[in-house]
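The sequence shown begins at 8 in the numbering used here and counts up one residue at a time.
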Amino acid sequence: REAVPTIKALRDQIDTVRKAELEKALKLLQKGESPEKTLEALSNALTNKFLHGPSHALNNSQGDAHAHMEHLVKQLFQIKE
Numbered sequence: 008r009e010a011v012p013t014i015k016a017l018r019d020q021i022d023t024v025r026k027a028e029l030e031k032a033l034k035l036l037q038k039g040e041s042p043e044k045t046l047e048a049l050s051n052a053l054t055n056k057f058l059h060g061p062s063h064a065l066n067n068s069q070g071d072a073h074a075h076m077e078h079l080v081k082q083l084f085q086i087k088e
């Protein structure tokens with residue numbers, strides 16, 4: 008169970024992003040934006056925010072570290088080749 012603190016920190020970080028993006032979406036709806044457009048913006052924002060860190064780390068790794076990082080990203084996101 009040594010991963011519990013990391014899992015909790017990850018969940019807390021993701022939840023903070025989720026709440027901020029939800030607040031933006033609610034404001035758009037209150038301003039009269041269409042639900043479809045608001046949901047599209049919300050889903051795009053969440054996808055971009057959640058994938059930014061892993062994408063940045065993968066793009067900035069080199070050599071053996073890149074191969075290891077690529078393997079980890081594929082494993083974490085269950086990417087099948």
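Virtual Cβ for every residue (Gly too), placed ideally from N, Cα, C.
Query: Rounded distance between the beta-carbons of residue 56 and residue 24, thought under 8 Å; Result: 5 Å
Query: Exposure label - residue 28; buried when at least 16 CB within 10 Å; Result: buried
Query: Own chain, CB closer than 8 Å to residue 21, minus 5 neighbours either side, in chain order; Result: 57
Query: Three-way DSSP call (helix, strand, coil) for residue 92 in this model; Result: The requested residue 92 does not occur in the structure, where the chain is confined to residues 8 to 88.
Query: Assigned secondary structure, residue 40 (DSSP; H/G/I helix, E/B strand, else coil); Result: coil
Query: Span of the alpha helix (DSSP H) around residue 81; Result: 70-83
Query: Residue 35 and residue 48 closer than 8 Å at C-beta; Result: yes
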